[in-house]
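Take a look at the structure set out below.
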Amino acid sequence: MGCPFTMEEERQGSVQEVVEFCSFQNLSSLEVNKCKKYFSPWPIKIEHNAFFRKGKIGDWENYLTAEMVAQLDEITEKKFSGSGLTFVSFITSSTPR
């Protein structure tokens, strides 16, 4: 995103290290994300693991309504407008929630 890896970083394996560190498997296995500690600037308590889904394709349908997805699609299209990237909506279900 505007700051590519250098050839030296690529030779040293930095790209692969970043990919592995940012993987769903690694992030979800970190102790801080498995513990029952809470995060919230509000009076309600939210467990850290509430910020992770299963990491399965299509699992969004278990959490988002069609209206929510449409709103996210609209926001994404606006944010990526002019970037040269092509936006494709991944709505696969026609079942209203």
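Heads up: the sequence shown begins at 703 in our numbering, then just goes up one per residue. Positions of the beta carbon are idealized from the N, C-alpha and C atoms, including for glycine.
- Under the three-state reduction of DSSP output, Ile777 falls in the helix class.
- No Cβ-Cβ contact shorter than 7 Å links Gly757 with Phe723.
- Taking 7 Å as the cut-off, the Cβ atoms of Val721 and Phe707 do not count as close.
- In this model, Leu766 and Phe754 are separated by some 14 Å (Cα to Cα).
- Pairing Ser791 with Asp775 gives a Cβ-Cβ distance under 7 Å.
- Measuring C-alpha to C-alpha distances from Val734 to each of Pro745, Glu749, Trp744 and Pro743 identifies Glu749 as the nearest.
- The beta carbon of Phe789 is closer than 7 Å to those of Thr778, Glu779 and Phe782 in its chain, skipping five residues each way along the sequence.
- A straight line joining the alpha-carbon of Leu729 with that of Lys736 spans about 10 Å.
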